[in-house]
Amino acid sequence: MVWSLLRRALIFVASVLVASLLVFWVLDNGCEPARNALGVSGTPESVAALCSDMGLDRPLVVQYVDWLGGAVRGDFGVSYVSNAPIGPTLFDQLTVTLWLVAGSMVVALLIAVPLGMLSALRNGRPLGYLLSGISQIGVAVPAFLAAILLVLVFAVRLGWLPANGYVVPAADPVDFLRHMVLPWISLGVVQGAVLARYVRSAVLDELGQDYLRTARSKGLTPFRALRRHGLRNASIPVLTVVGVNLVTVLVGAVIIERIFTVPGIGKGLADAAERRDLLTVQAIVVTLVLVALLISFLVDVAYALIDPRLRTRAGA
Amino acid sequence: MRGKRFAALTVGLLVATLAACSAGSTTTPGTSGQTAGPSTTAAPGSSTGTGPTGSDPTGSASPAPAGDGALAIGFVLEPTSLDFTQTDGAPITQALLLNVYETLVKTDQNGDIVPLLAESYDVSDDGLTYTFQLRDGVTFSNGTPFTAEDAVFSIERVKTDWKPSVKAGMDVVASATATSPTELTVVLSQPSRSWLFDMTTRIGAMFSRTGVDDLANTPIGTGPYTLQAWNKGDSIVMERNTAYWGTPPPTKTVTLKYFADPNAMNNALLTGGIQVVSTVQTPEALGQFADTSKYQVIDGSSTGEVLLSMNNRTGPLSDLRVRQAISYALDRETILDAAWSGYGTLIGTHEAPTDPWFTDVDTYPYDPQKARDLLAEAGQSDLTLRLTLPPVGYAAAAAPIVISQLAEVGITVQDSDVDFATWISNVFTNHDFDLTIINHVEPRDAPTLFGNPDYYIGYDNATVRDLFTKADGELTDEAANTDYQQALDQIAADAPVVWLWSFPNLIVADADVQGIVQNQISAAFELATISQG
């Protein structure tokens, strides 16, 4: 168990290093940040001087090691565009995005688990078809379209909720919720529909297992049998999909944050890219990669905890 | 004109905005060669003053009594820093100038220069010495009084500490002296009508000698508002300056909210999240604000001119007949109607309707047959040109119509969309383009565009350059305006660009919002007159 975790942790660290090096290499643009900082007033001489001041004329490996050293301590350098340190802003944006992602995942699970279970238990009956159909529609609707429709109906037409903006939860929890409801639903509904299909097939799988048949022959209703014996097993494939989909949600957040003007990491990334603030783009992309890898690492660990069979197999 | 001023140009960002970047581009104020000297409201020697920001001489924006109100205004581009002495970008000036920082003089709604922190000013007969009588009893938001020493400090600091690209406007100052706590004397090395105008821009902002330690986060000025909070990625909150020397602003708290997406900004107005959309990005979407009992559309003028710029340097476009043909080939009224829903003003030469030397000419009225004749005469029967488009809404909207109208007279246009950094690099720096569409937003920028052969357009006419230089040194408004108009007529005849339209200052607000400044003449968005109810 310990060895298996350690091995996974090592793979995680190595992946982060490789990913960050790739990002660094791809975003390397020589003196372009200096040229951008000087804008239309840059002469070749002033660009070269600033480029050297910024340390952009050093070998890429040296720049990378230097940058990594800072990044490990949370210091991502100073933005060429705003002259402000990148780290604190990035941390604030990440917090906002995590609220968004966590909330929409809760919404997704609240939709997926009952919907998926019900449609599995009612498989082959009218309700089962209806529920599958609903989740099919949900899968087909992109999050941004859901967002636009939700805004039009609940904000513009009915005026129940704000159309956009963000309130820090500590400042006013109720207003925070009011602002987050629509973004959460926009992201959550689509994910919920996707997850519901996995829940359904996982539950269907379990319902066909011998031990459940045994349980039912002892007089348990299908639902009770499932709850007592099947849910734990059914949750494993679903968990994998949740992990993978968390990353999808993170990507979806980039668009949703723009539509709802939520100052998270996705909006930060889009803003920085528009301003050609490469150092900030770099920091955000590496952070996103880190979060994505962290999620898959945690999913791995969670497997091992839920399923003893996987634990021994991995440990052997 | 002066080579350094080459830098002082902006291309279409402030108004253009859409998805543009604020960083690489510069919105630096003050280009050379203005003529608006002491105007009638501030005649030399007069000490009438026009009062605080609230009482604009046009009377268009008289302040309501100070209340506890709050309102929010939507903007497109968020500042990247609050220090406009070091960081370029229109959004900082838009938020802070005249609201947090004040200048000695400012431009009013007619484009005239009027006193602000100076009660009056006097210009010597040789045009070299400016004597400002400063207001008494003005304090900075850190509690220190504003004196002539601070003015000297602020002017000298531009030369020593400001980022190179914006400080050129102060080059002409030989000395600044505090002759008494309320009298400032500035001596120029040569007469320059543009200097006083530049003093209405950010380089004229007055700073406290003890308040410049943390400009990026803590701006300290004499203005009607102080910065209360900056929620990065979301908003800037301004609070009424309780110690303000002038009429207190009617609204206590003003929030500047930033929206990357124009639809999100419109939705925020529809749902009460904001009360004002500061710049309409999508005029075709104005229909949803048609209910006049709920909303008002303010249609003023800005200092922006949307140009179809041509590369005058080499190739077919260096031939006057080809440029004239293109000018004749475009039906600008149709372009404006289709691209910008008819909002804006058609212009026939450079400068906006609010500029003192604006002339309403139409040198090349729509005439496709004349265009074909000129092309034939120039031997360009099968001309193909490249059109490089920056990522801005008006360019995307105008391009298809321009392309189809040029096709009518036999010119094939290949268009390509580029990002802003690529545009700066290809078009602006390397001059590798045939045609482009861009909104030049700088006020009084004709000398920058047409007085410098190294500028990206590549317009080279010594007579025009001499006229601009002569105008800057003139001692009276009349003489300077005459020089300018001559220069602009000559430019119109040479057809170095096609002036598609003068950009409107389009604002939508709740019907009960009052005191919005209609014409965008300075780079500042004045908050001190706005109130609701």
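In order, the protein sequences belong to chains A and B. Okay, so the first sequence: first residue is 19 according to the numbering used here, each after it adds one. Okay, so the second sequence: first residue is 699 according to the numbering used here, each after it adds one. In this text, a Cβ means the ideal position worked out from N, Cα and C, and glycines have one as well. No experiment lies behind these values; they were computed from the predicted model shown.
- For residue 204 of chain A, no Cβ of chain B is located within less than 8 Å of the residue's own Cβ.
- Judged by pairs of C-beta atoms under 8 Å, the segment 100–110 of chain A does not touch the segment 187–199 of chain A, as fewer than three such pairs exist.
- DSSP assignment within the segment 228–295 of chain A yields the following whole alpha helix (DSSP H) runs of 4 residues or more, N-terminal first: 228–235, 240–243, 249–278 and 283–292.
- Around the beta carbon of residue 43 of chain A, a 10 Å sphere encloses fewer than 16 other beta carbons of the protein chains shown; the residue is thus reported as exposed.
- Counting of Cβ neighbours within 10 angstroms places residue 1100 of chain B among the buried residues, the total reaching 16 or more.
- Residue environment: residue 21 of chain A is assigned as exposed (fewer than 16 neighbouring CB atoms within 10 Å of its CB, all protein chains considered).
- Taking a cut-off of 8 Å for Cβ pairs, the segment 997–1005 of chain B and the segment 1034–1050 of chain B touch, as three or more such pairs fall below it.
- In the three-state reduction of the DSSP assignment, residue 816 of chain B falls in the strand class.
- C-alpha of residue 1021 of chain B to C-alpha of residue 1150 of chain B: approximately 19 Å in a straight line.
- With a cut-off of 8 Å on Cβ pairs, the segment 765–780 of chain B is not in contact with the segment 894–901 of chain B, counting fewer than three such pairs.
- Remark: fewer than three beta-carbon pairs, one from each stretch, lie closer than 8 Å, so the segment 221–231 of chain A and the segment 142–154 of chain A are not flagged as touching.
- Residue 75 of chain A has its alpha-carbon roughly 6 Å from the corresponding atom of residue 69 of chain A.
- Each residue's CA atom was taken as its position, placing residue 252 of chain A and residue 216 of chain A some 9 Å apart.
- Here residue 197 of chain A carries a helix assignment [DSSP, helix/strand/coil].
- The residues 840 and 842, in chain order, have a CB closer than 7 Å to that of residue 908 of chain B in the same chain once the five nearest residues on each side in sequence are set aside.
- Look at residue 765 of chain B here: in three-state DSSP terms it is coil, with no helix or strand label.
- Taking the beta carbon of residue 277 of chain A as reference, the chain B residues within 7 Å of it are 959 and 962, listed in sequence order.
- Per the C-alpha coordinates, the member of A/115, A/51, A/291 and A/128 positioned closest to residue 271 of chain A is A/115.
- In the DSSP assignment, residue 998 of chain B falls within the unbroken beta strand (DSSP E) covering 993–1008.
- The beta-carbon distance between residue 926 of chain B and residue 1208 of chain B, rounded to whole angstroms, is 23 Å. This is too long to meet the 8 Å contact definition.
- Out of B/1128, B/1157 and B/1188, the CA that lies nearest to the CA of residue 1008 of chain B is found in B/1157.
- Residue burial is scored here from C-beta neighbours: residue 300 of chain A has at least 16 other C-beta atoms within 10 angstroms and is therefore classed as buried.
- For residue 979 of chain B, DSSP assigns no beta-bridge partner whatsoever.
- Distance from the CA of residue 1139 of chain B to the CA of residue 1003 of chain B, rounded to the nearest whole angstrom, comes to 6 Å.
- Distance between residue 846 of chain B and residue 813 of chain B, taken at the CA atoms: about 15 Å.
- Counting along the chain, the unbroken alpha helix (DSSP H) around residue 82 of chain A starts and ends at 78–90.
- Out of B/964, B/1072 and B/811, the CA that lies nearest to the CA of residue 892 of chain B is found in B/811.
- Neighbours of residue 288 of chain A in chain B, taken as residues whose beta carbon is under 7 Å from its own, are 958 in chain order.
- In this structure, A/85 is the residue among A/120, A/85 and A/164 with its C-alpha nearest to the C-alpha of residue 298 of chain A.
- Beyond the five residues adjoining it in sequence on each side, residue 303 of chain A comes within less than 7 Å, by CB distance, of 41 in the same chain, given in chain order.
- Under a 10 Å Cβ-count criterion, residue 860 of chain B is classified as buried, with 16 or more other Cβ atoms of the shown protein chains found around its own Cβ.
- Put simply, of B/931, B/935, B/937 and B/992 the residue whose alpha carbon is nearest the alpha carbon of residue 1211 of chain B is B/992.
- Looking only at A/183, A/318, A/73 and A/36, the smallest Cα-Cα distance to residue 258 of chain A is reached by A/318.
- For residue 965 of chain B, the neighbours in chain A by C-beta distance under 7 Å run, in chain order, 169, 173, 174, 181 and 182.
- Residue state for residue 94 of chain A is assigned as coil, using DSSP reduced to three classes.
- When C-beta distances to chain A are compared with 9 Å, the residues of the segment 776–787 of chain B below that value are 776, 777, 778, 779, 781, 784, 785, 786 and 787, in chain order.
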